[in-house]
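Remarks on the structure that follows.
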Amino acid sequence: MVHMNLNHYHVIIHYRYEMVFKQAVSSEDMYLQMSGKNPSTASCEDLVIKIKLRDTDYSDVNLDVTDTFLDCRTPKYKLGLHLPHPVDSKNGKAQWDKSKQLLTVTVRLVREYDFVNQ
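Read in full-length UniProt numbering, the sequence shown has 71 at position 71, and its numbers run on one by one without any break.
See below:
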């Protein structure tokens, strides 16, 4: 029989997150359709990741975003997320909504043929 002291183990709770693509749309795109953009993700400029962090203070959040990976850690949570497309990790932004305990990370997509969507 093996006895284990569970006080020495940390329980890591998985995040609840949502990943969406974001597209800048003007009135020309909506009504005249002159830019060549379409509703597909190929015409999107940004990737938005929303991470729900219950019982967490903003000062406890450690966020690291590389071109292909997002790493978010708190004392209670740990999330490693491979991104579906390369991103510009140097020019992203993160926003903390204290009332919803929600971290929103927005990063610009970097694609090989982005000049087509300009």
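Note that the Cβ used here is the ideal one computed from N, Cα and C, for glycine as well.
Segment limits, beta strand (DSSP E) that includes residue i
i	result
residue 18	16-22
residue 111	Where residue 111 is concerned, there is no enclosing beta strand (DSSP E), given that its DSSP letter is neither H nor E.
Distance between residue j and residue i (C-alpha atoms, nearest Å)
i	j	result
residue 109	residue 55	31 Å
residue 84	residue 68	8 Å
residue 32	residue 24	15 Å
residue 111	residue 86	7 Å
residue 105	residue 89	11 Å
residue 18	residue 52	9 Å
residue 81	residue 58	20 Å
residue 79	residue 71	6 Å
residue 97	residue 28	32 Å
Short Cβ contact (7 Å threshold) for residue i with residue j
i	j	result
residue 65	residue 74	no
residue 94	residue 63	yes
residue 22	residue 102	no
Problem - Any beta strand (DSSP E) of 3 or more consecutive residues that is wholly inside the stretch 24-94 - result: Taking only runs of at least 3 residues, the beta strand (DSSP E) segments lying wholly in the stretch 24-94 are 46-52, 62-65, 69-73 and 78-82.
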